[in-house]
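A.B. asks: The following block contains the structure, expressed as structure tokens.
In the working numbering, the protein residues as written are 243 to 353.
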């Protein structure tokens with residue numbers, strides 16, 4: 243709802259202040275199963291997420307939709323940053339050739 247959306251804006255500011263600008267944030271628009279009751283326009287939420295460098299996803303905890311995708315997007319961004327940091331450093335003997343990371347979404351467990 244609109245109140246939660248305004249709270250998210252404050253939480254993002256607090257996270258950036260406490261953790262720093264490199265934190266990865268994923269803003270979940272929950273309760274997509276209640277689309278008729280939507281109070282926050284999807285485009286507005288997407289625009290806000292983009293403006294703060296966050297990922298926006300639509301979820302339904304009730305139906306179990308979108309949650310895996312949200313965590314997968316967050317994980318991919320974290321790994322990409324880690325790889326970029328590693329590429330900027332000369333490889334050590336222990337890690338030479340071991341910088342390959344692949345994220346796979348395992349949908350076989352889905353109902």
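Ideal Cβ positions, reconstructed from N, Cα and C, are used throughout, including at glycine.
Just so it is clear, the structure is predicted and the values come from calculations on it, not from any experiment.
1) By Cβ distance, which residues of its chain are closer than 8 Å to residue 243, with the 5 residues on each side in sequence left out?
2) Buried or exposed for residue 254, please, with buried defined as at least 16 other CB atoms from any protein chain shown within 10 angstroms of its CB.
3) Indicate the three-state DSSP secondary structure (helix, strand or coil) for residue 306 in the structure shown.
4) Determine the DSSP secondary structure at residue 296, reduced to helix, strand or coil.
5) For residue 262 and residue 306, what's the separation of their Cα atoms in angstroms?
6) Relative to the C-alpha of residue 309, which candidate in 249, 271, 265 has its C-alpha closest?
7) Check this for me: beta carbons of residue 316 and residue 266, under 8 Å apart or not?
8) Let me make sure I understand the geometry here. Which of 292, 323, 264, 299 has the alpha-carbon closest to that of residue 312?
9) Give the range of the alpha helix (DSSP H) segment to which residue 257 is assigned.
C.D. replies: In short:
1) 281, 282
2) buried
3) coil
4) coil
5) 31 Å
6) 271
7) yes
8) 299
9) 244 to 261
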